[in-house]
Amino acid sequence: MPYRTSSYSGSSYSRARRRKKIIKTLLLCFLAAFIVFGIVAMIIIFTAPPKGIENKGTTPDTPALTDPIETEPHVEGFETVEVDLSQLHRGDLILVNGEHEYKNADGYKLLDLYNNRKKYSGGARAYQLSGIDLKLADFVLSELNAMNEAFYEESGLGGLLIRSAYRTRQEQKDLYDARVEKDGAVKAEKYVAKPGHSEHETGLAFDMSVFVDGENTYISDEPEYLPIYSMAYKYGFVLRYPADKVDITGINYEAWHFRYVGLPHAYYMSANDLCLEEYIELLREDYKYSDEHLKVSAPDRDGKAQNYEIYFVPADTNKGKNQIIVPCGYEYSISGNNVDGFIITVDLDAPKK
Ligand SMILES: [Zn+2]
1008 MPYRTSSYSG SSYSRARRRK KIIKTLLLCF LAAFIVFGIV AMIIIFTAPP
1058 KGIENKGTTP DTPALTDPIE TEPHVEGFET VEVDLSQLHR GDLILVNGEH
1108 EYKNADGYKL LDLYNNRKKY SGGARAYQLS GIDLKLADFV LSELNAMNEA
1158 FYEESGLGGL LIRSAYRTRQ EQKDLYDARV EKDGAVKAEK YVAKPGHSEH
1208 ETGLAFDMSV FVDGENTYIS DEPEYLPIYS MAYKYGFVLR YPADKVDITG
1258 INYEAWHFRY VGLPHAYYMS ANDLCLEEYI ELLREDYKYS DEHLKVSAPD
1308 RDGKAQNYEI YFVPADTNKG KNQIIVPCGY EYSISGNNVD GFIITVDLDA
1358 PKK
């Protein structure tokens, strides 16, 4: 019995202890759950978004946070290059006129026309020369050769004459002084630019007329020769002083003075009836790097469309070196405008390998 009692009481004692233990464990679990719940509640309270913007991420018209936000156009495809400020006065698009002096100290590589114009198998030449000392920038001469050769092949006419091309500043001064002596300064400046202000000093411009039967005439007076005007842009040339732009250029109509600016620019200026002063202004005002860029698709000499993107970057004239934004993936050229900035012409048909 004692054993039983003991056994019983022993068993009853142990059951009571087990019950106590279970209650204690339950209480501990309850307490732990309560603490965990409290911590979670605190985390939720402290990390909840402020009222008003909660749920915003789930509304359908709000972009997800992972979407890139564009702050600058094409920024991923561009990088900066350092350009010397002297480049402001160099390039296809330099504006040289009564207001803006030519300051390209290095000049361009010049070639003489006499030795570098094309001769044909029959002995004929695509164009004639007023003298043996005419010179042009090498890249301008190659385009002039190509243009006049194409004109000769299409028309069979060999009367085009290059009357004047590159001039030194002294030669320009002599011309100007002679004209001033003849007509007075006011009238002279409408026909002959002051020394330092003539496009002829750049090597990018030439005067072309027609020479037939011993007579020198204007292209504009020779109907058979008129097509040269409409094909000029394909070789990068513009008639620089049109009759309807005298107020802007400050120079009277010159049916003979051609200036090289390059294909996309010549095409755009011709198609939109803009002289160089107007075109430079347009790029500066409407086509800065940070704005929209000008897209030009210009048909070349073979009728094939050539695609370009053009934009303007203002110069910092207080700095000897300027940072210019250029594309990483395409060939491009930088031209100063000779006034206040750089024009970048991107060749969209020439991706970099
Ligand atoms: Zn001229």
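When we follow the numbering used here, the leftmost residue of the sequence shown carries the number 1008, and every step to the right adds one. Glycine included, each C-beta is placed from N, C-alpha and C at the ideal position. From a predicted model like this one, the values you see are computed outputs, not experimental measurements.
- If you check the CB distance, residue 1315 and residue 1271 come in under 7 Å.
- Secondary structure note for residue 1170: its beta strand (DSSP E) is the uninterrupted segment 1167-1171.
- Under the 10 Å beta carbon count, residue 1198 is surrounded by fewer than 16 other beta carbons and is classified as exposed.
- Excluding sequence positions up to five before and after residue 1174, its CB lies within less than 8 Å of the CB of 1182, 1205, 1207, 1208, all in the same chain and listed in chain order.
- Relative to the non-hydrogen atoms of ligand 1, the Cβ of residue 1214 comes within a distance shorter than 6 Å of at least one.
- The closest CA to that of residue 1087, considering only 1330, 1231, 1194, is found on 1330.
- Each of 1167, 1190, 1284, 1255 was checked against the Cα of residue 1227, and the nearest Cα belongs to 1167.
- Residue 1305 places its beta carbon 7 Å or farther from that of residue 1242.
- By the neighbour-count criterion, in which 16 or more other beta carbons inside 10 Å mark a residue as buried, residue 1150 falls on the buried side.
- Counting only runs of at least 3 residues, the stretch 1180-1222 fully encloses the following beta strand (DSSP E) elements, listed from N- to C-terminal order: 1212-1219.
- Distance from the Cα of residue 1247 is smallest, within the candidate group 1196, 1202, 1264, 1239, for 1264.
- With fewer than 16 other Cβ atoms inside 10 Å of its own Cβ, residue 1278 counts as exposed.
- By the neighbour-count definition (other C-beta atoms within 10 Å, threshold 16), residue 1302 is an exposed residue.
- For the 7 Å CB-CB criterion, residue 1117 and residue 1141 do not form a contact.
- If you ignore the 5 residues before and after residue 1327, its C-beta comes within less than 6 Å of the C-beta of 1092, all in its own chain and listed in chain order.
- Just measuring C-alpha positions, the residue of 1095, 1103, 1332 sitting nearest residue 1257 is 1103.
- For residue 1264, the distance from the CB to the nearest heavy atom of ligand 1 is below 6 Å.
- The alpha-carbon of residue 1225 is positioned some 11 Å away from that of residue 1170.
- Sorting 1235, 1200, 1203 by C-alpha distance to the C-alpha of residue 1216 places 1235 at the top.
- Residue burial is scored here from C-beta neighbours: residue 1250 has fewer than 16 other C-beta atoms within 10 angstroms and is therefore classed as exposed.
- The Cβ atoms of residue 1107 and residue 1259 lie no closer than 7 Å to each other.
- The Cβ neighbour count for residue 1230, taken over all protein chains shown within 10 Å, is under 16; the residue is labelled exposed.
- The C-alpha of residue 1164 lies about 8 Å from the C-alpha of residue 1158.
- When DSSP states are grouped into helix, strand and coil, residue 1272 belongs to the helix group.
- Contact annotation: residue 1113 and residue 1342 have beta-carbon atoms that are not nearer than 7 Å.
- Here the alpha carbon of residue 1267 sits roughly 15 Å from the alpha carbon of residue 1237.
- In this model, residue 1122 and residue 1084 are separated by some 44 Å (Cα to Cα).
- For residue 1153, the enclosing alpha helix (DSSP H) has its first and last residue at 1145-1162.
- The beta-bridge partner set that DSSP reports for residue 1329 consists of 1090.
- A distance below 7 Å between beta-carbons, with the five flanking residues on each side excluded, links residue 1097 to the following residues of its chain, in chain order: 1111, 1343.
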